[in-house]
Amino acid sequence: MRNLLALTATLATLTAPAAADDLMLGRELYADHCAACHGAQLEGAPDWQRPGPDGLFPAPPHDETGHTWHHGDGFLFAYTKHGGQAVLDDLGVAFTSAMPAFDGILSDDEIEAILAFIRSSWPPEMRAFQEARTAQESAP
Ligand code: HEC
């Protein structure tokens with residue numbers, strides 16, 4: 013899994029900046045697969061900072077009010093493909109995640125398109141911050 017994170021980080025940096033077509037595709041795929049939990053406008057679930065009755069945290073926003081932009085591309089890709097629990101277990105973080113895995117549901121390219129759409133919603137300084145995180149992630 014650690015190797016997988018490193019590999020996906022490398023793949024993410026090799027990916028060229030998103031073209032307009034990819035952003036359109038990303039927007040559609042986001043609406044179909046992510047919006048139900050993360051909000052139609054990327055705004056997250058109401059009260060996302062507090063655990064629900066089941067003790068699990070609701071889906072955070074993906075816009076600039078959330079923390080998606082604090083993570084590098086490799087992390088975001090792995091989180092979406094393998095689900096929150098697999099990534100957190102791998103990192104040794106004791107947290108129960110309600111973020112499902114999309115492996116077998118979305119292709120790698122489709123996940124990349126969704127992440128490109130999410131990134132496109134951030135102001136330039138957040139994009140720069142997140143690009144730096146991505147670069148740190150893929151450093152040897
Ligand atoms: C069934 C509800 C649900 C769906 C559908 C869902 N998520 Fe999540 N997601 C969550 C929850 C709940 C969390 C917060 C718990 C956690 O962080 O593990 C989360 C967390 C995340 C995180 C980590 C936190 C962050 O902002 O960095 C990412 C990235 C993410 N989701 C991406 C996606 C993407 C992309 C899609 C669509 C392909 C998606 N999610 C669909 C429920 C969902």
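Position in the sequence shown counted from 1, then plus 12, gives you the numbering used here. Where is the CB? At the ideal position from N, CA and C, for every residue including glycine. A quick note: this is a predicted structure, and the numbers were derived from the prediction, not measured.
Taking a C-beta distance under 8 Å as the contact criterion, R145 and H83 qualify as a contact pair. Proximity of the segment 115-128 to the segment 37-47 meets the contact definition, three or more beta-carbon pairs being nearer than 8 Å. When DSSP states are grouped into helix, strand and coil, L118 belongs to the strand group. With at least 16 other beta carbons inside 10 angstroms of its own, A90 counts as buried. Contiguous alpha helix (DSSP H) elements confined to the segment 51-119 occur at 85-94, 96-103, taking only those with 4 or more residues. When secondary structure is reduced to three states using DSSP, P136 falls in the helix class. If you check the CB distance, L54 and D34 do not come in under 8 Å. Here the C-alpha atom of D101 lies approximately 9 Å from the C-alpha atom of T108. The residues G95, in chain order, have a CB closer than 6 Å to that of P112 in the same chain once the five nearest residues on each side in sequence are set aside. Between ligand 1 and F69, a heavy atom-to-CB distance of less than 7 Å is present. CA-to-CA, the gap between A106 and P65 works out to about 19 Å. Proximity to G51 across G78, P152, A98 peaks at G78, based on C-alpha coordinates.
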